[in-house]
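Inspection log for the structure reproduced underneath, given as structure tokens.
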Amino acid sequence: MAGDIGWLNSLPPDRAEQELLTCCASRQWAQKVAAARPYPDAEEAIAAAVAAVCELSWPDVEEALSAHPRIGDRAKAELSEREAAWSRGEQSGAASADAAVRTELAAGNRAYEDRFGHVFLIRATGRSAEEMLAELRKRLANSELDERIKVQSELADITRLRVRKLLGDR
């Protein structure tokens, strides 16, 4: 179970939003989750965070995507230290891949971005580079609508993990 929720409940709204933005970079999402406080416990906060991701409009999802590096790339310089550390940890499976797989991931990322217009998003935690590459190849065949649904689902999974980490950091 995640950690104590009291500290998040007690923050002023703008500060709570800043903390939450490290979990999901959609301002609409952070505002909604912060405004729904207080939460009785961490699990309720996590459930609210996931539900809020599932309710985002596509432009808000795209805003969240802007904070995610390509699979196999370094975290973006403008991310907070917390976000960068989380990203490195989440993508450790890609970082340890052999050169051939990293090259294929880079080519797949470009093909995906050319097809869908945004970064390939996948919950990388617990997945090897080979698993992520196989999923990337599979998802290249998705329709735009199916891929948007999949991206939002992956964003919800990533957000769940990150909110759990955020609450567990306290």
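To convert, take the position in the sequence shown, counting from 1, and add 1; that gives our numbering.
The C-beta atom is built at its ideal place from N, Cα and C for all residues, glycine as well.
As the structure is a prediction and not an experimental result, all values here were calculated from the model.
Tell me which residue opens and which closes the alpha helix (DSSP H) that residue i is part of.
i, result
"Ser154", "Glu145 to Gly169"
"Tyr40", "From DSSP, Tyr40 is part of no alpha helix (DSSP H); its letter is neither H nor E."
"Glu18", "Pro14 to Leu22"
"Arg1", "The chain is shown from 2 up to 171; residue 1 falls before or after that span and cannot be answered."
"Arg111", "Ala100 to Phe117"
"Ala65", "Trp59 to Leu66"
"Glu56", "Note, Glu56: premise wrong, no alpha helix (DSSP H); not H, not E."
"Arg138", "Ala130 to Arg140"
"Gly7", "Gly7 to Ser11"
Which value, in whole angstroms, describes the spacing of the CA atoms of residue i and residue j?
i, j, result
"Met2", "Val51", "With a pLDDT of only 42 at Met2, under 50, the local geometry of the prediction cannot be trusted, and the value read off the model is given with reservation. Computed Cα separation, rounded: 16 angstroms."
"Ser144", "Pro14", "38 angstroms"
"Ala17", "Thr23", "10 angstroms"
"Arg161", "Ala48", "8 angstroms"
"Leu134", "Arg128", "10 angstroms"
"Arg124", "Ser11", "30 angstroms"
"Leu66", "Glu105", "21 angstroms"
"Arg171", "Trp8", "Because Arg171 carries a pLDDT of 47, less than 50, the predicted location of this residue cannot be relied on, and the following value inherits that uncertainty. Using only the alpha carbons, I get a separation of about 8 angstroms."
"Ala43", "Gly169", "9 angstroms"
"Pro60", "Ile159", "18 angstroms"
"Glu45", "Leu146", "30 angstroms"
"Leu57", "Tyr40", "20 angstroms"
"Ala142", "Glu82", "35 angstroms"
"Leu167", "Ser154", "20 angstroms"
Looking only at its chain, what residues have a beta carbon closer than 7 angstroms to the beta carbon of residue i, apart from the 5 residues adjacent to it on each side?
i, result
"Lys33", "Ala53"
"Val152", "Val62 and Leu122"
"His69", "Val120 and Leu122"
In its own chain, which residues sit with a C-beta less than 8 angstroms from the C-beta of residue i, not counting the 5 before and 5 after it?
i, result
"Glu64", "Ala26, Ser27, Arg28 and Gln29"
"Phe121", "Arg71, Ile72, Gly109, Asn110, Tyr113, Glu114, Leu137 and Arg140"
"Ala157", "Val51, Val54 and Cys55"
"Ala101", "none"
"Ala198", "Outside the displayed range of the chain (2 to 171) lies residue 198, so it cannot be described from this structure."
"Ala36", "Pro14"
Quick one: residues in its chain with C-beta nearer than 6 angstroms to the C-beta of residue i, no 5 flanking neighbours on either side, listed in chain order?
i, result
"Phe117", "Glu148"
"Ala31", "Glu18, Leu21 and Leu22"
"Arg38", "Asn10"
Does the ligand MN have even one heavy atom less than 8 angstroms from the beta-carbon of residue i?
i, result
"Glu136", "No copy of the ligand MN appears in this structure; indeed no ligand is present at all."
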